[in-house]
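One point on numbering: in the numbering used here, the residue at position 312 of the sequence shown is 312, and numbering is uninterrupted.
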Amino acid sequence: MNPKKPLRSSLSQTKNINSLFTKGLAAWKSDPELAFESWLIHQGFNNHSINVYSTQWSVFVKWCRNHDVVIHNVDSTHIKFFLNSLVDNKLNQRQRYLRLIERAFDVMIDSITHEDKANDVRVNPVRSYQVLFDPHWKQAQHNDETFFYTRPEREQLIQVMRDSCALGQNQLLNNRAKSLRRQIRDRAILTLFLMAGLKVREVLALRLKDISIKNANTLWIHVHAYPDRPARILAVNNEPANWMLEWIELRSQDPVGANSLVFCSQKNQSAIHATTIARLVRDFFIDLKAQAPRFGMVTAQRLRNSYAASLFDAGMDPNDVALKLGYAEVISAYRLFEAWQQHEAIHTKQVLPNGIENT
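What follows is the structure in structure tokens.
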């Protein structure tokens, strides 16, 4: 048995949890320490890791007992008070505990049978804590991974994309405006972020052979596998497909072959750099940011997150969203889903699954 690396949440681990540990929620309720240790053993962690993780989990379980908190009823406020109780309350220690507790609750929640899930809807209390209370998590730049634009905001972004090429056709250009060809190219790039959920490197790697045109309103995009992500095929339909096809038609007028890049620089047909994409996205929506400062700096990551949010709006399960967007770790989809749930609860004045009432 190969020793496991430190706790991480991946698609493969999530798919195998029930087959590795099938005692169900009752085991967690009766003896959460034994349940967690059993899961660690089934996962193949070495003895040292099992001892370390079990000890940390026991600290949290004992805190719950001392405060008359039943383990399966823990919410974000309990997480906050527990972290504040740590003797050596350093950020790195807090993060170690958060990661471990988050993983344990993922396993615990997944152990709920399909029959019970209909009446026992839960979210991970660690993610609720992060969204509600953790200033470091909220302010950190890398937490772009949980920022998304709402449905009305997405409509505003899409309207800017509609208007951009019409402005070019009418020659209503200002000093920083681009040629119509470049505007069509940039809009196609943004389409893949906001309406298909691709990553920057996936867009930059696309070849003409990776796009199959089914009809005037539908095309298929083959996104190649990476060491940390599986290959996937995405369907693009209707207006987004039209915008993509408009660029592909222009691109086909160049001396290209099936292996040519879909997107390249206009000067020498070379690959576009990722920093160019960042600047492209920022500048495309710069007027919208000036009119509505709440949009902040528009980034490819935020557009991709917004596509995931649109899937949540449509009722898609986070596991399926993780597959559709090619997340390396399914936990990324669940963190975004938690942020989406918090937003929905606040705007509909509902009680959150963890029992916190929004007023």
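Idealized CB from N, CA, C, for every residue including glycine.
Item to check | Nonlocal neighbours in the same chain, by C-beta distance under 6 Å from K29, ignoring five residues either side | outcome: H72.
Checklist entry - For D210 versus S128, is the C-beta spacing smaller than 8 Å? => result Contact flag unset, no.
Item to check | Given 8 Å, three or more beta-carbon pairs between the region 233-248 and the region 175-195 | outcome: Cβ pair count under 8 Å is three or more, so yes.
Checklist entry - How about A104 and F45: are their beta carbons less than 8 Å apart? => result In this structure, the beta-carbon distance from A104 to F45 does not fall below 8 Å.
Checklist entry - Which whole-angstrom value describes the C-beta separation of I277 and A300, a residue pair presumed to lie in contact below a C-beta threshold of 8 Å? => result Correct: roughly 6 Å between the Cβ atoms.
Checklist entry - If you scan the region 275-326 from start to end, which runs of the alpha helix (DSSP H) of 4 or more residues do you find wholly inside it? => result Runs of the alpha helix (DSSP H) inside the region 275-326: 286-291, 300-313 and 318-325.
Checklist entry - Considering only residues of the same chain and omitting the five flanking positions on each side of A258, which have a CB-CB separation below 6 Å? => result Result list for A258: L208 and K209, in chain order.
Checklist entry - Hey, quick one: how far does the beta strand (DSSP E) through K62 stretch, first residue to last? => result First-last for K62: N47 to N66, but that is the alpha helix (DSSP H), not the beta strand (DSSP E).
Checklist entry - Is the region 212-220 close to the region 231-238, with three or more CB pairs under 8 Å? => result Touching, yes.
Next on the checklist: Can you check which of these residues, A26, R96 and D163, is closest to F285 by C-alpha distance?
Outcome noted: Per the Cα distances, D163.
Checklist entry - Does DSSP classify V87 as helix, strand or coil? => result Coil at V87, not helix or strand.
Checklist entry - Run through DSSP, which three-state label would H343 get? => result The DSSP-derived three-state label of H343 is helix.
Checklist entry - Quick one: what does DSSP say V203 is sitting in, helix, strand or coil? => result Note: V203 maps to helix in three-state DSSP.
Next on the checklist: I believe L206 touches L261 by the beta-carbon criterion, under 8 Å. Please report the beta-carbon distance rounded to the nearest angstrom.
Outcome noted: Contact holds; Cβ gap of about 7 Å.
Next on the checklist: What does the alpha-carbon distance come out to for the pair M297 and R151?
Outcome noted: Going from the Cα of M297 to the Cα of R151 covers about 18 Å.
Item to check | 8 Å Cβ cutoff, T150 in contact with chain D | outcome: As a matter of chain content, chain D is missing from the structure shown, which is built from one protein chain.
Next on the checklist: Could you check whether the region 311-318 touches the region 96-110, counting it as contact only if at least three pairs of C-beta atoms, one from each stretch, sit closer than 8 Å?
Outcome noted: With a cut-off of 8 Å, the region 96-110 and the region 311-318 do not count as touching, because too few Cβ pairs lie within range.
Checklist entry - By a C-beta neighbour count over all protein chains shown, 10 Å radius and 16 as the cutoff for buried, is S332 buried or exposed? => result With 16 or more other Cβ atoms within 10 Å, it is buried.
Checklist entry - Secondary structure at H42, three-state DSSP: helix, strand or coil? => result The three-state secondary structure of H42, taken from DSSP, is helix.
Checklist entry - In terms of DSSP beta bridges, what is L234 paired with? => result Beta-bridge pairing links L234 to I221.
Next on the checklist: Quick check on this structure: which residue in R229, C264 and N238 has the alpha carbon closest to the alpha carbon of E329?
Outcome noted: For the set R229, C264 and N238, the Cα lying nearest the Cα of E329 is the one of R229.
Next on the checklist: Quick check: what's the CA-CA separation for N66 versus T146?
Outcome noted: Their Cα atoms are separated by approximately 34 Å.
Item to check | Check whether E153 and F337 have beta carbons under 8 Å apart | outcome: No; because the gap between Cβ atoms is not below 8 Å, this pair is not in contact.
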